[in-house]
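J.:
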Amino acid sequence: MTIQLIDENKAFNTDDFPHYLQSVNLANNGLNYHVVSVFGSQSTGKSTLLNALFGTDFNVMSESARQQTTKGIWLAKADTTPGTPTSEGSSASSSSYVDVQKSAKADSSPDSSSPILVMDVEGTDGRERGEDQDFERKSALFALATSEVLIVNMWENQVGLYQGANMGLLKTVFEVNLSLFHASKQTPRSLILFVIRDHIGTTPLDNLSQTLMADLNKHWESISKPTEDLKHSKIEDFFDIQFHALPHKILLPDQFSQQVQSLSVRFSNPASSDYVFKPEYHRKVPIDGWNMYTAKIWEQIELNKDLDLPTQQVLVARFRCGEIATQAMEEFEAEFRTRQADTGGLLGDAKVVIPDFHTHISALRSVAVELYDKSASRYVQSVYLGQRKDLQAQVDSRLVTLYKPQLAALHSTALTKLQTTMEQSDLPFSDRVETARKQAIKDFESGAQSVADIDPEVFGFESELAAFSKDLDLLVQKYKDEEIDRLVTRASKRIAKQLDEDLDSVMSSASPTLWDDVLEQFNKCTSAALGQYKSGSPEGGYDFNVGASADANKRGADKVMRNAWLALDSKLKQLTSTVNIVAILQDKFDLDFKYDKEKVPIVWKPGDDIQTPFVKARDDALKLVPLFKVAKLSSGKVITPDVKIFDDEDDDEREFANRLTNRQVEEIETKFNRQAELAFVEAKRSTYQSITHVPAYMIILLVILGWNEFMAVLRNPFLFLFVLMIGAGAYITFSLNMWGPIISVTGAMTDRAIEIGKEKLRQALEVDPNQRATRQGAQGEAIEMNTFSMPGGGAFSSVQSSPATEEEKKVEPEH
């Protein structure tokens, strides 16, 4: 059942509408309803579409004659069953449906039983009304103002046309609608759903929708805004835009029915993700007041003077200028394809710099505008100039998409050329980097400026130049940092090598000014390495002569000093190891105990006082341990790095100055005392051996029992000579009383070799010092020394092994 809401003479039917609501059981529905209208050119199948979508029975055009069928505005209640998906697809496929507001989701809050009122609006551009298009514009404005969803019905081949797509009409409707109904952005929104008929798929729906959106946005920008707040508004602020495509009804009836069914679900099923009705679309007018509401809107539209039709001359100018502009763009595209073929498809390639790129841009920019000026300049100037501006903007927008990749190609090519120059040039580093940098900037600016000269406003490249300069500076700084790092590494290696050569003798001397000598040697090495980089500026500092900033040079110098301090720390750790310190103490002890003032080895004789020189030599050697423990100058100041070398700044002084821990000191003293006691024992033993005599009966027994051997030696000349030489050597050694020192030295060397071997083995196995100390405490044995008196006042100690105790670890030489 249908009702004519507004007749062809613009009369609003206020009397019959309340009865109609009663007849379709809608009078008491309150806010539970929706309103949909259709708008489009005459004879495009609007009524047929509504009947198929909503089950209405609007009159449709006879297939035997193409003439106006719908006159005025008709209304009917949809006869679809809400919330019931069809068997063939419950929603539109991605290929037949585009939602410009992709982030917005359908709100399924309305009641699924909400009825739908459908308005069938008289078609536009009909021959019956001819040039009298006043009703078309007013009816379209009415439908847009009162409907939640406005379906714009058009053929696929009408997309991109000015009149066919009703763009001129929509522009006027938008402008008047904005002035009449959108004084603020609080006005309810509407959904404009473009249904594109006879879509064959050659042009994707996305492309068609982009074309339509571009036209809509362009016209929205050109309309006048009633208030300052609305001057910068967008069409999306007031309308949601969606697109849906339908196949050909006659040629593809099955696919057409399927897509219509899918589109119908979007209107009837609130559970669908593509449900079209949103709460913000509703006008919030109860159904029983809708008759008065719509009547007032129609009255306002009828009385508004701004809805007067523009002159036919302006209409023709708009149509023809648009048509010529379209032809000009086609010519532009043809010229573009020709030049793309000439360049091998490189236009728009961001990887290759095209020679004479500016000539291509200049030619493409002029071909479209020149054709437009030649054909369109005779029409109304305001329309001609406005359309020319739009055409120029469209062409420039297309050319900018070619210019930006060219700038990117210039960017990457210039940087690559700089890298090649840096790697292959034989110039000094500072000259090489400066020359490469200037050439890179010149290449980029010359390539970009040749195009910018065509139109600086359109082809400006300030942001690209800034980005290029930033990347160029980063690349140059990278090379400078790498060069500084190379120089830092070379200086650090030189310092480490010099310290390794010079500190051994300094540490071995163990002089009272040990750490003063170490620091002096360190300063000498660092000064030699960094002296060539000293800056001649009044501020001082260092300059690595790579063109780097003062901060970068300072960081490089600090890195050299940090590496130098680390090299010194590493060398000192090696020189102050337990093995080395014990060796230094042993050398000091041996020099004082085993040699006289003239550096001649001492031969101990029976009756000599061994204990006094032993104690003095041992104590003098142990006095060196505190010297090695803390790196402290003779002035009492500890040596502290002047740069941060450890992770914790508070630990720099403590970590560096303390060369030996208390546990290491105890270990050093224990090992040294053990070796010193062995030397004392050996000295005692040598005096005892010097007074020992062989009994006479042993000589007689030796002759009797060894007679055969004696004779065998005497009969063999070689064996006799060998025995004679050994005997002579033994006699001389005995006569000089050297057996004791020889045995002592041999034993000390053996013990030293064993200790070094154990230390190396512990380092290789990385045995934890606490665990090693525990094992030594559990397994070690002390040497207990018992004193015996000898004739002549001499004394020596006998040695026996027993489990180590604290009391037995001490040696008590007799005074």
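Residue numbering for the sequence shown follows UniProt numbering, starting at 1 and increasing by one per position. Even for Gly, the Cβ is constructed at its ideal location relative to N, Cα and C.
Can Val-476 and Arg-437 be called in contact, C-beta distance under 8 Å?
T.: In contact: Val-476 and Arg-437 (Cβ atoms closer than 8 Å).
J.: In this structure, how does DSSP classify Arg-283 when only helix, strand and coil are distinguished?
T.: Of the three classes helix, strand and coil, the one that applies to Arg-283 here is coil, per DSSP.
J.: Could you give the DSSP three-state label for Ala-548: helix, strand or coil?
T.: DSSP places Ala-548 in coil when its eight states are reduced to three.
J.: In three-state terms, what does DSSP make of Asp-120?
T.: The answer is strand: DSSP assigns Asp-120 an E or B state.
J.: Going by C-alpha distance, which of Glu-330, Ser-190 and Arg-318 is nearest Val-149?
T.: Of the candidates Glu-330, Ser-190 and Arg-318, the one whose C-alpha sits nearest the C-alpha of Val-149 is Ser-190.
J.: Quick one: Cα of Asp-481 to Cα of Gly-541, how far?
T.: Approximately 17 Å, taken between the alpha carbons.
J.: Looking only at its chain, what residues have a beta carbon closer than 8 Å to the beta carbon of Gly-460, apart from the 5 residues adjacent to it on each side?
T.: Excluding sequence neighbours, Gly-460 sits near Ala-452.
J.: Name the two residues that bound the continuous alpha helix (DSSP H) containing Ala-350.
T.: First-last for Ala-350: undefined, no H or E at that position.
J.: Which two residues bound the contiguous alpha helix (DSSP H) that contains Arg-659?
T.: Here Arg-659 belongs to no alpha helix (DSSP H), and DSSP marks it neither H nor E.
J.: Taking Cβ to Cβ, would you say Gln-586 is nearer than 8 Å to Phe-672?
T.: Closer than 8 Å, so yes.
J.: Alpha helix (DSSP H) containing His-358: first to last residue?
T.: From DSSP, the alpha helix (DSSP H) with His-358 extends over 357–376.
J.: Does the distance from the C-beta atom of Phe-429 to that of Ile-484 stay below 8 Å?
T.: No. Outside cutoff.
J.: Taking only the alpha-carbon atoms, compute the straight-line gap between Leu-519 and Ile-639 and give it to the nearest angstrom.
T.: Approximately 8 Å, taken between the alpha carbons.
J.: For a test of the three-state rule: what should DSSP assign to Val-383, helix, strand or coil?
T.: In this structure, Val-383 counts as helix in the three-state DSSP scheme.
J.: Nearest by alpha-carbon distance to Thr-578: which of Asp-504, Arg-663, Phe-256 and Met-561 is it?
T.: Selected option, being the one with the closest Cα: Arg-663.
J.: With burial defined as no fewer than 16 other Cβ atoms inside 10 Å of the residue's Cβ, what is the status of Asp-120: buried or exposed?
T.: Asp-120 comes out buried.
J.: Nearest-angstrom Cα distance between Leu-705 and Ala-728?
T.: In a straight line, the C-alpha of Leu-705 is about 22 Å away from that of Ala-728.
J.: Please state if the CB of Ala-529 and the CB of Arg-618 are separated by a distance shorter than 8 Å.
T.: Not closer than 8 Å, so no.
J.: Any heavy atom of the ligand MN closer than 7 Å to the CB of Leu-246?
T.: Ligands in the displayed structure: none, and consequently the ligand MN is not present.
J.: With burial defined as no fewer than 16 other Cβ atoms inside 10 Å of the residue's Cβ, what is the status of Tyr-33: buried or exposed?
T.: Buried is the call here.
J.: Distance check for Asp-79 and Gln-259, CA to CA, integer angstroms please.
T.: Roughly 18 Å separates the two Cα atoms.
J.: Which ranges would you report for the beta strand (DSSP E) in the stretch 717–767 if only whole runs of at least 3 residues count?
T.: Complete beta strand (DSSP E) runs here, min 3: none at all.
J.: Any contact between the stretch 154–163 and the stretch 201–215? By contact I mean 3 or more CB pairs, one from each, below 8 Å.
T.: Yes: the two stretches touch, three or more of their Cβ pairs being nearer than 8 Å.
J.: DSSP has Leu-193 in a bridge; who is on the other side?
T.: Paired residue(s): Ile-151 and Gln-242.
J.: Verify whether the separation of the beta carbon atoms of Phe-243 and Ser-209 is less than 8 Å.
T.: Against a cut-off of 8 Å, the Cβ pair of Ser-209 and Phe-243 comes out as a contact.
J.: Would Gly-45 be called buried (16 or more neighbouring beta carbons within 10 Å of its own) or exposed?
T.: With 16 or more other Cβ atoms within 10 Å, it is buried.
J.: Report the rounded CA-to-CA distance for Thr-14 versus Leu-5, giving the unit in angstroms.
T.: For Thr-14 and Leu-5, the distance between alpha carbons rounds to 8 Å.
J.: Spell out the partners DSSP gives Ser-37 in its beta bridges.
T.: Met-119 and Leu-150, per the DSSP bridge assignment.
J.: When we look at the beta-carbon of Asn-658 and count the other beta-carbons within 10 Å, is it buried (16 or more) or exposed?
T.: Asn-658 comes out exposed.
J.: Put Lys-534 into one of helix, strand or coil per three-state DSSP.
T.: Three-state DSSP puts Lys-534 in a strand.
J.: So who's on the other strand from Val-638, going by DSSP bridges?
T.: Partner(s): Lys-632.
J.: What's the call for Ser-64, buried or exposed, on a 16-neighbour Cβ count within 10 Å?
T.: Residue confidence is low: Ser-64 scores 48 on pLDDT, short of 50, so the model does not pin down where it sits. Its coordinate-derived value is still stated next. Classification for Ser-64: exposed.
J.: Excluding sequence positions up to five away, which residues of its chain have a Cβ less than 8 Å from the Cβ of Asp-7?
T.: Closer than 8 Å at the Cβ level, and outside the excluded window around Asp-7, lie Asn-13, Lys-71 and Gly-72.
J.: Hey, Leu-246 and Phe-256 are a contact pair by Cβ (cut 8 Å); roughly how many whole angstroms apart?
T.: Sure, about 6 Å apart at Cβ, within 8 Å.
J.: Is it right to say Val-560 is buried, meaning 16 or more other beta carbons lie within 10 angstroms of its own, or is it exposed?
T.: With 16 or more other Cβ atoms within 10 Å, it is buried.
J.: Could you tell me the alpha carbon to alpha carbon distance between Gln-521 and Trp-515, rounded to whole angstroms?
T.: Going by the C-alpha atoms only, they are around 10 Å apart.
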